[in-house]
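The structure under discussion appears below in the form of structure tokens.
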Amino acid sequence: MKSNNKISSEKNLAQKIFSKINTTNNKIIMKTMLLCIFLSLSFAFVSEKTGWLEVDWKIIFIPALLVLQIIIIGTALKNRYKKH
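This note's numbering numbers the first residue of the sequence shown as 38 and each following residue consecutively.
Below, the structure written as structure tokens:
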């Protein structure tokens, strides 16, 4: 059985990691990713049901990955040319 110190130190470590991830910028990125996934899935579902487009469900997450790449590249460029 784990001691109370070890359990509390694990909780503190988890809280530190979560606080680093849970920043305003990361919240915006996550909301953008979720919105992109939702729009991709809903468009694919409607297209499949109406017969307008045959959907390959294996590649449905590619638009979300493209958005993530654009965000990463944009952030990197912004940080690269930031004036001090």
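For every residue, glycine included, the Cβ atom is placed at its ideal position computed from N, Cα and C.
This one's a predicted model, so the numbers in the text were calculated from it and none came from an experiment.
Sequence-distant residues of the same chain with beta carbon closer than 6 Å to Asn116, five excluded per side: none
Return the residue from the list Thr60, Asn59, Leu71 and Ser45 that minimises the CA-CA distance to Pro100. Leu71
Distance, Ala81 Cα to Ile96 Cα: 11 Å
Would you identify the three-state DSSP class for Lys119, choosing helix, strand or coil? coil
Euclidean distance between Cα positions of Asn62 and Ile107: 14 Å
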